[in-house]
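In my numbering, the protein residues as written are 479 to 577.
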């Protein structure tokens, strides 16, 4: 399988997983546990929370997110967990300037 086919298969698997999650009843979904995440993802979340606190901000940028992510490929589940945990702390990630 070529790189293009592998990339397409990977994207399709992520999309299929997101669709399956969207179709699952809301009451069956459990919020991700910070402790259950990989250590590098926990560090990224802690870094983002610290940055938001230092800036006295409830909004971070996608650039902030990119800087905090580990150098490895991050799964869709990892990203979803990051967004959920940040949201639990009242923090949003948006395009543009922090504020």
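Note that the Cβ used here is the ideal one computed from N, Cα and C, for glycine as well.
Excluding the 5 residues flanking it on each side, residue 492 has same chain C-beta neighbours closer than 7 Å at 554, in chain order. The distance from the Cβ of residue 518 to that of residue 548 is about 4 Å, consistent with a contact at the 8 Å cut-off. Three or more Cβ pairs closer than 8 Å define a contact, and the region 528–540 falls short of that threshold against the region 483–490.
Per DSSP, the continuous beta strand (DSSP E) segment holding residue 538 begins and ends at 537–539. By the beta-carbon neighbour count (other beta carbons within 10 angstroms, threshold 16), residue 483 is exposed. The C-beta of residue 522 has 16 or more other C-beta atoms within 10 Å across all chains shown, which makes the residue buried.
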